[in-house]
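Undergrad: Right, I'll just put the structure down here and ask away after.
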Amino acid sequence: MTALGSKTATKSSPTPPRLMTRKRWVIIWLAFIGLSINYLDRSSLSVALPFMGKDFELTATQQGLIFAAFFWAYDFCQLAAGWYVDKVGPRRSFSLAAVWWSVFTMVTAAATSFWSLFAARFLLGVGESPAPSTAAKVVGTWFPVRERAFATSIWDSGSRVGAVIALPIVTLIVAVTSWHAVFIIIGIAGLIWAAVWWKVYRSPQEHPGANAAEVAYIEEGGARGEASDDAGAAKLPWRSLFKYRTVLSMMFGFFCLNSAIYFFITFFPSYLVKERGFDLLKLGFFGAIPGICAVLCGWLGGYLADRAVRAGASVTKVRKTAIAGGLAGGSVIMFAALVPEAWMALALLSVAYSSLTVAATGIWSLPADIAPSSRHVGSIGGLQNFASNLAGIFTPILIGVLVDQTGSFVAPLAVIGAVSLIGAANYLFVMGKIEPLKVKEPVPAV
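Heads up: the sequence shown at position 315 corresponds to 297 in this note's numbering, and the numbers run straight through without jumps.
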């Protein structure tokens, strides 16, 4: 099939033209690298902090405040970040955000006190806030509906990869040089990536590496172009998004998901050490298993979801199955504290984390699925990410209080499992049909 002939393909075509370029996959893997660096930046302090003790002599409370500083900034900037991504587009938003977060990663190396470290961490959170909404918009711009879940699973897995590689990378750099070098080297890596993204990224219609066949395949498959679908789009002020049950359901459901995810980000190592008796060697080796399983299962879940869409299944059925099923699978976390053997607990935690990652892939596909135009993809992504990261503020506190009060992780893991089931019910019964939000008034092209 020729490039010209490809334009006769229908929206339901199960396979792309043979002579089509595959530039969209280069773009999404580049976004994956960006998200990996993004999470490497935010995870580096937690790994490096034990080596920084002699220079700062921080109390446990001060350490907690420094970690919280990132999430306060990151979460409350989500609302503006989504709007910003829609306003300037993925090329500018991702490049400028990466420059910002890389600079303040390097500034961390110059910190000399609690307050300077607090400020650097806070400003790092500001800079990292546009990243997930930008990646969601990239998927909506570059990928047809039939490929959207797998593409989302790729960039979203960067968050888990970045967190997993932080431990060996940071400890190696500290062993060879010093903790200061950790932040300088990682910051430089981010600046290099920002330059590459600025150089490589364009919309499909403007990209010299995407031929006419690929552009036609993307457009005919339901992709939300950066400008192409705005001419006939309906006017929807940003604040009006809160009036839609679908959007509110997305926000609440993602909060439930991240309530479980943040256990793995915060207390998972402590659980293995205190409850299961893992030493440093076991923690470094076996502790990586749930994260690795989550990455692989996220990719598999995205692939199977896209395959189902290509086979003719409705987007609503596919997304709800992946999200609700993933959250239900994540609820097995409540049994991890009850089994007698450490390997059983690790297996259950691996199943839970993998299931939650499958759900996250579906959740991050939703902004492009329901946005009435391309100008709303980033805003909707920012709203649901804002709600989800409130869990990053409250869940660690709740877990800590319950552990202090009960002396074990049984109660907090039971609560997390119950919240996961509530999230599954929310997506099944509260969220309606997954389709572009319906609005009335036309808006002129921008």
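In this text, a Cβ means the ideal position worked out from N, Cα and C, and glycines have one as well.
1) R227: buried (16+ other C-beta within 10 angstroms of its C-beta) or exposed?
2) Leaving aside the five residues before and after V412 along the sequence, list all residues of the same chain whose C-beta is less than 6 Å from its C-beta, in chain order.
3) Using 8 Å for Cβ pairs, my map puts L22 next to A148. What's the rounded Cβ distance?
4) Please state whether the Cβ-Cβ distance between P251 and G269 is less than 9 Å.
5) Please specify which runs of the beta strand (DSSP E), each continuous and at least 3 residues long, are wholly inside the stretch 153 to 183, giving them in chain order.
6) Which same chain residues end up closer than 7 Å to G414 when comparing Cβ atoms and leaving out the 5 residues on each side of it in sequence?
7) From V29 to I416, what does the alpha carbon distance come to, in whole angstroms?
8) Secondary structure at S25, three-state DSSP: helix, strand or coil?
9) Among the candidates A293, L286 and M316, whose CA atom is the shortest distance from the CA of I305?
10) According to DSSP, is V366 helix, strand or coil?
11) Answer yes or no: do F100 and W179 have a C-beta to C-beta separation smaller than 9 Å?
12) Return the chain-ordered list of same chain residues with a C-beta closer than 6 Å to the C-beta of A310, the five sequence neighbours on each side being excluded.
13) Could you give the uninterrupted runs of the alpha helix (DSSP H) lying entirely in the stretch 345 to 420, keeping only those of 4 residues or more?
14) Terminal residues of the continuous alpha helix (DSSP H) containing R73?
15) Chain E beta carbons: is any one of them nearer than 9 Å to that of R130?
16) If you measure between the beta carbons of G364 and V67, is that distance less than 9 Å?
17) Is I170 buried or exposed, if buried means 16 or more other CB atoms sit within 10 Å of its CB?
18) Assign A293 to one of two classes, buried (16 or more other C-beta atoms within 10 Å of its C-beta) or exposed (fewer than that).
19) N240 to L282, Cα distance in whole Å?
20) How would you label D386, buried or exposed, when you count the other beta carbons within 10 angstroms and need 16 or more for buried?
21) Using alpha carbons as the reference points, say which of G46, F260, E129 and A133 lies closest to I375.
22) Could you pull the start and end residues of the alpha helix (DSSP H) that I243 belongs to?
23) Does G294 come out as helix, strand or coil in the three-state DSSP assignment?
24) Counting Cβ pairs closer than 8 Å, one from the stretch 46 to 61 and one from the stretch 127 to 140, do we hit at least three?
25) Can you list, in chain order, the residues of its chain with a C-beta nearer than 6 Å to that of V89? Leave out the 5 residues immediately preceding and following it.
26) Evaluate E188 with the Cβ neighbour count: other Cβ atoms within 10 Å of its Cβ, from every protein chain shown; 16 or more gives buried, anything less gives exposed.
27) I need the DSSP call for R128, collapsed to helix, strand or coil.
28) Measuring straight from C-alpha to C-alpha, what distance separates L106 and A63?
29) Please confirm if the stretch 181 to 199 is in contact with the stretch 121 to 136, defined as three or more CB-CB distances below 8 Å between the two stretches.
30) Kindly indicate which three-state DSSP category Q60 falls into: helix, strand or coil?
31) Mark T134 as exposed unless 16 or more other C-beta atoms lie within 10 angstroms of its C-beta, in which case mark it buried.
32) Should K5 be labelled buried (16 or more other beta-carbon atoms within 10 Å of its own) or exposed?
33) Could you pull the start and end residues of the alpha helix (DSSP H) that I200 belongs to?
34) Taking L105 as part of the alpha helix (DSSP H), name the residues at either end of that continuous run.
35) If you compare alpha carbons, which of R357, V70, E39 and A118 is closest to G344?
36) Under 7 Å Cβ to Cβ from G203, same chain only, skipping five residues before and after it: list those, please.
TA: The structure says:
1) Numbered from its first residue, the sequence shown carries residue 227 at position 245. Looking at its Cβ environment, which holds fewer than 16 other Cβ atoms inside 10 Å, R227 is exposed.
2) Here residue 412 refers to the residue found at position 430 when the sequence shown is read from its first residue. Closer than 6 Å at the Cβ level, and outside the excluded window around V412, lie S231.
3) In the sequence shown, the residue the question calls residue 22 occupies position 40. In the sequence shown, the residue the question calls residue 148 occupies position 166. Contact between L22 and A148 is confirmed by a C-beta separation of about 5 Å, below the 8 Å threshold.
4) Residue numbering aside, residue 251 sits at position 269 when the sequence shown is read from its first letter. Residue numbering aside, residue 269 sits at position 287 when the sequence shown is read from its first letter. Contact flag set, yes.
5) Entirely contained in the stretch 153 to 183, not one beta strand (DSSP E) run reaches 3 residues.
6) Your numbering for residue 414 matches position 432 in the sequence shown. Result list for G414: R227 and T228, in chain order.
7) On the sequence shown, residue 29 is found 47 positions in, with the first residue counted as 1. On the sequence shown, residue 416 is found 434 positions in, with the first residue counted as 1. So the two alpha carbons sit approximately 40 Å from each other.
8) Here residue 25 refers to the residue found at position 43 when the sequence shown is read from its first residue. In the structure shown, S25 sits in a helix (DSSP, three-state: H, G or I).
9) Against the sequence shown, residue 305 aligns to sequence position 323. Among A293, L286 and M316, the Cα nearest to that of I305 is on L286.
10) Taking the first residue of the sequence shown as 1, we reach residue 366 at position 384. Note that residue 366 is Gln in the sequence shown, not Val. For Q366, the secondary structure class from DSSP, reduced to helix, strand or coil, is helix.
11) Locating residue 100 in the sequence shown gives position 118, counting from the first residue. Locating residue 179 in the sequence shown gives position 197, counting from the first residue. No, the Cβ-Cβ distance between F100 and W179 is not below 9 Å.
12) Indexing the sequence shown from 1 puts residue 310 at position 328. Within its own chain, the residues whose Cβ lies closer than 6 Å to the Cβ of A310, once the five positions on either side in sequence are excluded, are A406, listed in chain order.
13) Listed in chain order, they are 359 to 388 and 392 to 407.
14) For the purposes of this step, residue 73 is taken as residue 91 along the sequence shown, with counting starting at 1. P72 to T90 is the extent of the alpha helix (DSSP H) around R73.
15) The structure shown contains no chain E; it is built from a single protein chain.
16) Here residue 364 refers to the residue found at position 382 of the sequence shown. Here residue 67 refers to the residue found at position 85 of the sequence shown. Cβ distance < 9 Å, so G364 and V67 count as in contact.
17) Residue numbering aside, residue 170 sits at position 188 when the sequence shown is read from its first letter. It is exposed - the Cβ of I170 has fewer than 16 other Cβ atoms within 10 Å.
18) For the purposes of this step, residue 293 is taken as residue 311 along the sequence shown, with counting starting at 1. Counting the other CB atoms within 10 Å of its CB gives A293 a total below 16, which places it among the exposed residues.
19) Numbered from 1 along the sequence shown, position 258 holds the residue referred to as residue 240. Numbered from 1 along the sequence shown, position 300 holds the residue referred to as residue 282. Taking the CA atoms as reference points, N240 sits about 20 Å from L282.
20) Here residue 386 refers to the residue found at position 404 when the sequence shown is read from its first residue. The C-beta of D386 has fewer than 16 other C-beta atoms within 10 Å across all chains shown, which makes the residue exposed.
21) For the purposes of this step, residue 375 is taken as the residue at position 393 of the sequence shown. Closest by alpha carbon: G46.
22) Position 261 of the sequence shown, counted from the start, is the residue given in the question as residue 243. R227 to T248 is the extent of the alpha helix (DSSP H) around I243.
23) The residue labelled residue 294 in the question sits at position 312 within the sequence shown. Per DSSP, reduced to three states, the secondary structure at G294 is coil, with no helix or strand assignment.
24) Segment contact: the stretch 46 to 61 against the stretch 127 to 140, fewer than three CB-CB distances shorter than 8 Å; contact not assigned.
25) One-based indexing of the sequence shown puts residue 89 at position 107. Taken in chain order, the residues that qualify are A102.
26) Taking the sequence shown and counting its residues from 1, the one referred to as residue 188 is at position 206. By the C-beta density criterion, E188 is exposed, having fewer than 16 other C-beta atoms within 10 angstroms.
27) Taking the sequence shown and counting its residues from 1, one reaches residue 128 at position 146. Reduced to three states, the DSSP call for R128 is helix.
28) For the purposes of this step, residue 106 is taken as the residue at position 124 of the sequence shown. For the purposes of this step, residue 63 is taken as the residue at position 81 of the sequence shown. Separation of L106 and A63 (C-alpha to C-alpha, rounded to the nearest whole angstrom) is 14 Å.
29) Result yes; three or more Cβ-Cβ pairs closer than 8 Å.
30) Counted from its first residue, the sequence shown places residue 60 at position 78. Three-state DSSP puts Q60 in a helix.
31) As a first step, residue 134 is located in the sequence shown; it is residue number 152 there, counting from the start. With 16 or more other Cβ atoms from the protein chains shown falling within 10 Å of its own Cβ, T134 counts as buried.
32) For the purposes of this step, residue 5 is taken as residue 23 along the sequence shown, with counting starting at 1. K5 comes out buried.
33) Indexing the sequence shown from 1 puts residue 200 at position 218. It spans A194 to E202 - the alpha helix (DSSP H) in which I200 sits, taken as one unbroken run.
34) Numbered from 1 along the sequence shown, position 123 holds the residue referred to as residue 105. For L105, the enclosing alpha helix (DSSP H) has its first and last residue at F96 to E110.
35) For the purposes of this step, residue 344 is identified with residue 362 of the sequence shown, where counting begins at 1. Residue A118 is the option with its Cα nearest to G344.
36) In the sequence shown, counting from the first residue as 1, residue 203 sits at position 221. So the qualifying residues of the chain are K(-7), P126, V127 and R128.
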